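Keeping their order, the protein sequence lines are chains A and B. Using the UniProt record's numbering, the first residue of the first sequence is number 1, and each one after it goes up by one. Using the UniProt record's numbering, the first residue of the second sequence is number 1, and each one after it goes up by one. Step one of this worksheet: look at the structure below.
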Amino acid sequence: MVNYIWVGMMVIGFAVAAFNGNMDKVNAAIFTSAKEAVTLSFAMISILVFWLGIMKIAEKGGLLEVLAYLFRPIVKWLFPDIPKDHPAQGYILSNMAANLLGLGNAATPMGIKAMEQLKILNGGKNEASRSMITLLAINTSSITLIPTTIIAIRMSYNSQSPTDIVAPTLLATAVATVGAILIDRYYYYRSLQKGGK
Amino acid sequence: MNFVQSFSIWFIPLLIGFILLYGTYKKVPTYETFVEGGKEGFSIAINIIPFLVGMLVAISVFRASGALDYVMLAMRPIFSLFHIPAEVVPLGLMRTISGTGALGMTSDLIATHGPDSFIGRLASTIQGSTDTTFYVLTVYFGAVGIKKMKYALKVGLLADLIGFLASIAAISLLFYS
């Protein structure tokens, strides 16, 4: 999908430029934007290094486990078909905690671990179970406390207040996550009514 | 609104302070751990370069040619009905498909309109508030061999739409009301 969009933007761009007769502008744009992308990545190094360093301390100090403990009741409500103290619960909780802290890289392996356990619970079928879809919904709407990369980009473009989007992001992400859970429930009950499990 | 702004300013130092003190209390070798994690940040920044170059070049070709103006001209009446700036619509679409692609678009919007403009803030919030549905779906279900995904894609995409609209509402409410 990304492949088609990417090629599409380029080819349509060239075609429109040919039609408009501004191919020289397009030529210049190619090289300035490539250079800008590299400059931007380097400008982001400082904040990424700093923040992932701090987050490593949180991870090693066991803050992930503390968060997991705090959120246990929520997980019980979200995933009613997982038996008590099943390993899937632990992985789901760590996945959510890592997402919350903006540790995308740590969240993915834990999410995959959770999916593996859920597949075992589902009898090893190659069909998505209720809990799998719920876990997915939570991940795609990912609650994030600190949008690190965005703050880094804002800083590199000399924002007067790079972090002032933290509060609106929290608000939007919370709404999205609640929405995702409600939509997930809606489709689950609808699929029950249709007679399929 | 003052509260929101001071919350954003205080939140990060308080969180960092808490993490550092908690780590010290738990006898984590804080400085060494910091360096270890920081190295990961460095490699992420380097790994992201080809994605950003690819996407920013494609966007700027699309824009410099004038194609983007045509698209926005066509879309403007629909979105202005809902007070959605047409400039962020391509970002909203890209966000569900490619995380790095969306990152490229976000930084392009910030560069063009300025980080503290309405569109700059909106792009930042959209980028931060949802995750790439197609990527998450591919990685999570792919890793454990789920072929029938049932209603998962619908749920993911609708959640993205909610995140997009919530971002617009949050920015309008907190900064421009």
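All residues carry an ideal CB built from backbone N, CA and C; glycine is no exception. Bear in mind that the values here come from a model prediction, so they are computed numbers and not experimental data.
Query, Result
"Based on the DSSP output, what are the partners of A/G56 in its beta bridges?", "Here residue 56 of chain A turns out to be Lys, not Gly, going by the sequence shown. Looking at the DSSP assignment, A/K56 forms no beta bridge with any residue, so it has no partner."
"Tell me, please, whether the CB atom of B/I119 is closer than 9 Å to any CB atom in chain A?", "no"
"At the 9 Å Cβ level, is B/E36 part of the contact set with chain A, yes or no?", "yes"
"What whole-angstrom Cβ distance do A/K165 and B/S124 have, given they're in contact under 8 Å?", "At residue 165 of chain A the sequence reads Ile, which differs from the Lys that was named. Between B/S124 and A/I165 the Cβ distance is about 4 Å, and since that is below 8 Å, they are a contact."
"Hey, B/M149 and B/L157 are a contact pair by Cβ (cut 8 Å); roughly how many whole angstroms apart?", "The pair is not a contact, with the Cβ atoms about 12 Å apart (cut-off 8 Å)."
"Nearest by alpha-carbon distance to residue 202 of chain B: which of A/S46, A/W6, A/K35 and A/L40 is it?", "Because residue 202 of chain B is not part of the residues shown, which for chain B are 1 to 177, the question remains open."
"If the cut-off is 8 Å on Cβ atoms, which residues from the stretch 46 to 75 of chain B count as contacting chain A, listed in chain order?", "I46, I48, I49, L52, V53, G54, M55, L56, V57, A58, I59, S60, V61, F62, R63, A64, S65, G66, A67 and Y70"
"Scan the stretch 28 to 71 of chain B and note each continuous alpha helix (DSSP H) run of 4 residues or more that stays entirely inside, going in chain order.", "30 to 47 and 49 to 64"
"With which residues is B/K148 paired in a DSSP beta bridge?", "A/E127"
"With a threshold of 9 Å between beta carbons, is B/P115 in contact with chain A?", "yes"
"So that I know if they touch, is there some Cβ in chain B lying closer than 9 Å to that of A/F42?", "yes"
"Measure the alpha-carbon distance for A/S41 versus A/A34 and round it to whole angstroms.", "11 Å"
"Under 9 Å between C-beta atoms, does B/S124 make it to chain A?", "yes"
"Which runs of the alpha helix (DSSP H) at least 4 residues long sit entirely within the stretch 47 to 102 of chain A? Give them in chain order.", "63 to 70, 72 to 78 and 87 to 100"
"Which value, in whole angstroms, describes the spacing of the CA atoms of B/T30 and A/G8?", "48 Å"
"What does B/A170 reach in chain A if we use C-beta pairs closer than 7 Å?", "P168, L171 and A172"
"What do you get for A/V11, buried or exposed, if any count of 16 or more other CB atoms within 10 angstroms of its CB means buried?", "exposed"
"If you follow the alpha helix (DSSP H) that A/S191 is in, where does it begin and where does it stop?", "V166 to Q193"
"Skipping 5 residues on each side, what residues in its chain have a beta carbon closer than 7 Å to that of A/Y4?", "none"
"Does DSSP put B/S167 in a helix, in a strand, or in coil?", "helix"
"In this structure, does DSSP put B/L15 in helix, strand or coil?", "helix"
"Rounded to whole angstroms, what is the Cα-Cα separation between B/G41 and A/F19?", "44 Å"
"Expressed to the nearest angstrom, what Euclidean distance is found between the alpha-carbon atoms of B/G142 and A/Y91?", "18 Å"
"Is the beta carbon of A/T169 sitting closer than 9 Å to the one on B/S98?", "no"
"Which of helix, strand or coil does DSSP assign to A/K25?", "helix"
"Is B/F34 closer than 9 Å to A/L57 when the C-beta atoms are compared?", "Reading off the sequence, residue 57 of chain A comes out as Ile, not Leu. Contact flag set, yes."
"Any heavy atom of the ligand ZN closer than 8 Å to the beta-carbon of A/A137?", "Questions concerning the ligand ZN fall outside what the structure shown contains, since it holds no ligand whatsoever."
"Checking contacts by CB at 9 Å: is A/A97 closer than that to chain B?", "no"
"Could you check what DSSP says for A/Y4 in three-state terms: helix, strand or coil?", "helix"
"Roughly how many angstroms separate the alpha carbons of A/W6 and A/L182, rounded to a whole number?", "33 Å"
"Could you work out which residue in B/L122, B/F62, B/D160 and B/T133 is closest to A/V26 when comparing CA atoms only?", "B/F62"
"Do we get a CB-CB distance below 9 Å when we pair A/F14 with the residues of chain B?", "yes"
"Can you tell me which of the three DSSP states B/F82 falls into?", "coil"
"Counting Cβ pairs closer than 8 Å, one from the stretch 84 to 99 of chain B and one from the stretch 49 to 69 of chain A, do we hit at least three?", "no"
"For the pair the stretch 112 to 122 of chain A and the stretch 78 to 91 of chain A, tell me if three or more CB-CB distances fall below 8 Å.", "yes"
"Compute the beta-carbon to beta-carbon distance between A/M23 and A/A17, rounded to the nearest angstrom, for a pair I have assumed lies under 8 Å.", "5 Å"
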